[in-house]
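S.K.: In the UniProt record's numbering, the protein residues as written are 525 to 805.
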Amino acid sequence: QAKLKGGAQYQVFSQQIAEYLLEKEVIERALTTALEQDEFELFFQPYVCSKTGLIAGAEALLRWQSDSLGRVGPDKFIPVAEQSGLIYAIDRWVIEHACRSLAEILKTQQNSTFSMSVNVSNTHLQQPGLADFISGVVSAMALPPKQVEIEITETATADLDDRFLANANALKKLGVGLVLDDFGTGYTSLAHLGQLPVTKLKLDRTHTAEIGLKQPADTPGVAKIVLEFAHAYNLSVTAEGVENQQQLDFLNSEKCDFIQGYYLYKPMSFKQLLELLSGKG
Ligand code: C2E
Ligand code: MG
Ligand code: MG
Ligand code: MG
Numbered sequence: 525q526a527k528l529k530g531g532a533q534y535q536v537f538s539q540q541i542a543e544y545l546l547e548k549e550v551i552e553r554a555l556t557t558a559l560e561q562d563e564f565e566l567f568f569q570p571y572v573c574s575k576t577g578l579i580a581g582a583e584a585l586l587r588w589q590s591d592s593l594g595r596v597g598p599d600k601f602i603p604v605a606e607q608s609g610l611i612y613a614i615d616r617w618v619i620e621h622a623c624r625s626l627a628e629i630l631k632t633q634q635n636s637t638f639s640m641s642v643n644v645s646n647t648h649l650q651q652p653g654l655a656d657f658i659s660g661v662v663s664a665m666a667l668p669p670k671q672v673e674i675e676i677t678e679t680a681t682a683d684l685d686d687r688f689l690a691n692a693n694a695l696k697k698l699g700v701g702l703v704l705d706d707f708g709t710g711y712t713s714l715a716h717l718g719q720l721p722v723t724k725l726k727l728d729r730t731h732t733a734e735i736g737l738k739q740p741a742d743t744p745g746v747a748k749i750v751l752e753f754a755h756a757y758n759l760s761v762t763a764e765g766v767e768n769q770q771q772l773d774f775l776n777s778e779k780c781d782f783i784q785g786y787y788l789y790k791p792m793s794f795k796q797l798l799e800l801l802s803g804k805g
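#1: Using DSSP with H/G/I as helix, E/B as strand and the rest coil, what is Glu565?
#2: Cα separation between Glu678 and Val703?
#3: Determine the closest residue to Phe707 out of Leu727, Leu689, Lys804, with distance taken between C-alpha atoms.
#4: Return no unless some Cβ of chain C is closer than 8 Å to the Cβ of Ser760.
#5: Would you kindly report the start and end of the unbroken beta strand (DSSP E) that includes Lys738?
#6: Here's the rule: buried if 16 or more other CB atoms are within 10 angstroms of the residue's CB, otherwise exposed. What is Gly577?
#7: Which residues in the same chain as Ala526 place their Cβ atom closer than 6 Å to its Cβ, once the five residues preceding and following it in sequence are excluded?
#8: May I ask which residues mark the beginning and end of the alpha helix (DSSP H) holding Gly660?
#9: From the DSSP output, in three-state form, read off Ala694 for me.
#10: State yes or no: is the C-beta of Glu673 nearer than 7 Å to some heavy atom of ligand 2?
#11: Spatial neighbours of Gln671 within its chain, please: CB distance less than 6 Å, with the 5 preceding and 5 following residues excluded, ordered by chain position.
#12: Determine the direct distance from the alpha carbon of Ile551 to that of Ser592, and round the result to whole angstroms.
#13: Among Gln539, Ala756, Gly803, Tyr786, which one has its Cα closest to the Cα of Cys780?
#14: Where does Leu559 fall in DSSP's three states?
#15: Measuring only from the beta carbon, is Asn768 closer than 7 Å to any heavy atom that is part of ligand 2?
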């Protein structure tokens with residue numbers, strides 16, 4: 525009986541694996557033509573400076589409307605792109621388009637300090653030439669380098685290698701910001717963080733979501749710890765995933781530098797972003 529049951533479970537399990545592999549294959553095939561068929565679009569989610577309450581910049585978020593699959597979210601297709609190597613071309617497309625959008629914003633907003641944050645895959649940071657590519661785009665579009673920020677997820681620092689550090693240091697030299705995204709979900713050691721020329725931490729939204737909820741044995745909660753830690757190291761912090769007033773109040777009282785989340789702004793099209801920035805939003 526037990527054996528039979530185990531067999532049935534195995535069948536369900538292997539069927540799930542088969543479906544997963546098939547889905548991956550289908551996504552990968554559709555992805556290979558996505559760039560040439562112009563199926564990508566960038567959305568932009570503004571973030572706000574807590575001190576001034578003003579929009580300080582926006583994060584570019586990739587959207588894919590596949591001809592054959594319809595809308596597919598980045599959480600689904602980015603991992604497939606990473607495994608297949610397609611991510612390099614996709615990241616370059618994103619960097620170029622995000623920078624072009626920034627250039628357009630700065631053209632209409634003179635002396636603006638508006639910054640553009642661009643997500644780049646961790647594997648890409650280990651690719652020689654990434655910093656050169658970014659440098660080329662930034663100078664071709666005559667952008668102030670410090671108004672461009674590259675976001676990488678915290679897990680990247682787990683396998684710090686020389687090529688990774690070379691890219692990170694080249695970005696620092698260039699003046700482009702380096703942001704550790706989803707901070708508090710990986711396992712960056714303090715030693716690693718000291719080695720990396722990071723300019724900003726992004727508190728992962730799971731920790732933002734815990735704000736106001738009861739903590740085990742009255743511990744302070746990760747949000748507070750990350751903020752104190754970051755400020756001790758002169759790093760600024762963006763809280764992501766802010767969804768309510770209680771979270772916002774807490775983050776302001778703890779001097780969190782930047783706020784991002786649905787409570788303030790959802791990701792929007794470039795047209796909507798321009799309207800928002802020109803006061804017509
Ligand atoms: P991320 O960089 O941490 O981006 C934040 C994600 O949280 C975005 O999802 C955003 O829409 C969502 N979000 C923002 N505010 C809230 C909120 O208040 N509540 C909740 N529940 N969610 C919120 P999205 O756009 O689906 O992106 C998911 C992930 O995909 C990103 O996480 C990033 O790691 C990756 N990604 C997105 N665009 C790109 C890209 O252009 N290149 C690369 N390499 N990765 C990208
Ligand atoms: Mg991000
Ligand atoms: Mg994030
Ligand atoms: Mg994330």
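No residue lacks a Cβ here, since even glycine has one placed at the ideal position from N, Cα and C.
M.R.: Reading it off the structure:
#1: Reading the sequence shown from its first residue, position 41 is the one you call residue 565. Strand, per DSSP.
#2: For the purposes of this step, residue 678 is taken as residue 154 along the sequence shown, with counting starting at 1. For the purposes of this step, residue 703 is taken as residue 179 along the sequence shown, with counting starting at 1. Roughly 9 Å between the two C-alpha positions.
#3: For the purposes of this step, residue 707 is taken as the residue at position 183 of the sequence shown. For the residues Leu727, Leu689, Lys804, the minimum Cα distance to Phe707 belongs to Leu727.
#4: Chain labels in this structure do not include chain C; a single protein chain is all it has.
#5: Sequence index remark: in the sequence shown, residue 738 carries index 214 (1-based). Lys738 -> no beta strand (DSSP E), and no H or E assigned at all.
#6: Your numbering for residue 577 matches position 53 in the sequence shown. Under this definition Gly577 is an exposed residue.
#7: As a first step, residue 526 is located in the sequence shown; it is residue number 2 there, counting from the start. Note that Ala526 has pLDDT 49, beneath the 50 cutoff, so the model's placement of it is unreliable and the number below is only indicative. Closer than 6 Å at Cβ, skipping near neighbours: no residue.
#8: For this step, residue 660 is matched to residue 136 along the sequence shown. Where Gly660 is concerned, the enclosing alpha helix (DSSP H) stretches over 654-664.
#9: Here the question's residue 694 lines up with position 170 in the sequence shown. Ala694: helix per DSSP, three-state reduction.
#10: As a working mapping, residue 673 is identified with position 149 in the sequence shown. Glu673: no, Cβ never under 7 Å from ligand 2.
#11: Locating residue 671 in the sequence shown gives position 147, counting from the first residue. If we look at Gln671 and ignore the five residues flanking it on each side, its Cβ neighbours are Ser639.
#12: Along the sequence shown, read from residue 1 onward, the residue named residue 592 stands at position 68. Along the sequence shown, read from residue 1 onward, the residue named residue 551 stands at position 27. The straight-line gap from Cα to Cα measures roughly 9 Å.
#13: Numbered from 1 along the sequence shown, position 256 holds the residue referred to as residue 780. Just measuring C-alpha positions, the residue of Gln539, Ala756, Gly803, Tyr786 sitting nearest Cys780 is Ala756.
#14: Here the question's residue 559 lines up with position 35 in the sequence shown. In the three-state scheme derived from DSSP, where H, G and I count as helix and E and B as strand, Leu559 is classed as coil.
#15: For the purposes of this step, residue 768 is taken as residue 244 along the sequence shown, with counting starting at 1. No, the Cβ of Asn768 stays beyond 7 Å of every heavy atom of ligand 2.
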